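Q: In the numbering used here, the protein residues as written are 96 to 152.
#1: Assign residue 146 to one of three DSSP states: helix, strand, or coil.
#2: So if DSSP puts residue 137 in a beta bridge, which residue, or which two residues, is it bridged to?
#3: Could you check where the alpha helix (DSSP H) with residue 124 kicks off and where it finishes?
#4: Identify, in the order they occur along the chain, each residue of the same chain with its Cβ nearer than 6 Å to the Cβ of residue 106, setting aside the five sequence neighbours on each side.
#5: Cα separation between residue 135 and residue 127?
As structure tokens, this is what we get:
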């Protein structure tokens with residue numbers, strides 16, 4: 096794992112119907128250091144068991 100990689104945990108959360116759903120929390124200065132600023136719109140692509148997060152254009 097490189098110094099830019101992060102390990103996160105998938106947490107349990109609940110939806111409006113009180114059903115269990117997965118939740119991933121991203122926070123830290125490393126987001127801002129990599130161009131993800133407060134208020135920025137992002138998009139998430141899902142490919143081959145990977146999440147790709149990028150700025151929404």
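Just so it is clear, CB atoms sit at the ideal spot from N, CA and C, and this is done for glycine as well. Since the structure is predicted, the reported quantities are computational estimates derived from the model, not experimental observations.
A: Quick answer:
#1: strand
#2: 150
#3: 124-128
#4: 118
#5: 10 Å
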